[in-house]
Amino acid sequence: AQTVTQSQPEMSVQEAETVTLSCTYDTSESDYYLFWYKQPPSRQMILVIRQEAYKQQNATENRFSVNFQKAAKSFSLKISDSQLGDAAMYFCAYRRASLGQLTFGSGTQLTVLP
Amino acid sequence: DAGVIQSPRHEVTEMGQEVTLRCKPISGHDYLFWYRQTMMRGLELLIYFNNNVPIDDSGMPEDRFSAKMPNASFSTLKIQPSEPRDSAVYFCASSFRTVNTEAFFGQGTRLTVV
């Protein structure tokens, strides 16, 4: 079974600074997809960024970027120029190419300090 | 599109009562997922459908839980009888057929069983 591990239950960052959230996963598959979701206090799950395992290039979405290390099964999220609105729970998720469901990590609660 | 719509947003019920949660996926999406979120267990997949057919219900905790998808635009998750340990936030999500697209989540139903 696939597992997703987020080893940092809580993180904090100063506004305008950069923070990196860690995620590792365990799979024997070669074709899969990885996602970072954000859950603010409103509890709405919002996609932040996605990465296809077959792509070597790391995905980037504005201030959000990932460091995807396929051999190490690592998928970290970097948030640059942190803003107060980035404060939320962040979930890493894995989706096997041949199956539909997402497997989530336990989440990292990010606090942004003014 | 209005996104994934769940109802009710909040539900408080007494132990032993039947509870029905409802979900309307995004039009055109052919995957539908039911997740449960608790502090202790995080986000757990309960069941998912593809083209209205249940594909994997191994996450359904007990026979007290059942889910249906009578058509492409509606799904229900029923708990009968409900117990206090069922208290959680229940999310419905949908996605389009290509698995590299993300799942879009509803705003969740917060269920409290007293």
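Just so you know, the protein sequences line up as chains A and B, in that order. Numbers in the working numbering are just positions in the first sequence, counted from 1, shifted up by 1311. Numbers in the working numbering are just positions in the second sequence, counted from 1, shifted up by 13. Using N, Cα and C, we set each Cβ at its ideal position, and we do this for glycine too. Everything numeric in this text was worked out from a predicted model, so none of it was measured.
Ile1390/A is the residue among Ser1318/A, Thr1419/A, Ile1390/A whose C-alpha sits nearest the C-alpha of Glu1372/A.
By the beta-carbon neighbour count (other beta carbons within 10 angstroms, threshold 16), Val25/B is exposed. Within chain A, the residues whose beta carbon sits less than 7 Å from that of Glu115/B are Phe1346, Leu1358, Arg1361, listed in sequence order.
Within its own chain, the residues whose Cβ lies closer than 6 Å to the Cβ of Asp70/B, once the five positions on either side in sequence are excluded, are Ile60, listed in chain order. Pairing Ala1408/A with Tyr1343/A gives a Cβ-Cβ distance under 8 Å. Nearest to Val127/B by alpha-carbon distance, out of Glu31/B, Val17/B, Ala15/B, Gln19/B, is Glu31/B.
For the stretch 42-61 of chain B, the beta-carbon criterion of a distance under 7 Å to any beta-carbon of chain A is satisfied by Tyr44, Phe46, Gly55, Leu56, Leu58, Tyr61. Rounded to whole angstroms, the separation of the alpha carbons of Val1377/A and Lys1384/A is 13 Å. Here Gln93/B has Glu31, Arg77 as same chain residues with Cβ atoms under 7 Å from its own Cβ, once five neighbours each way along the sequence are excluded. The alpha-carbon separation between Phe118/B and Ser108/B amounts to approximately 9 Å. Restricted to the stretch 1342-1411 of chain A, the beta strand (DSSP E) segments that are unbroken, complete and at least 3 residues in length are 1343-1350, 1357-1363, 1375-1380, 1385-1390, 1399-1407, listed in chain order. Sequence-distant Cβ neighbours of Met1322/A in its own chain, meaning closer than 8 Å and more than five residues away, are Val1330, Leu1332, Thr1419, Gln1420, Leu1421, Thr1422.
Along the stretch 94-106 of chain B, the positions whose C-beta sits under 9 Å from a C-beta of chain A are Val102, Phe104, Ala106, read in chain order. Contact of Phe78/B with chain A by beta-carbon distance below 8 Å is absent, the smallest such distance being about 16 Å. In this structure, the straight-line span from the alpha carbon of Tyr1405/A to that of Glu27/B is close to 36 Å. Below the 9 Å Cβ cutoff, chain B contributes no neighbours of Leu1388/A, its closest Cβ being approximately 15 Å away. Against chain B, a Cβ distance below 7 Å from Gly1396/A picks out nothing, because the smallest value is about 18 Å.
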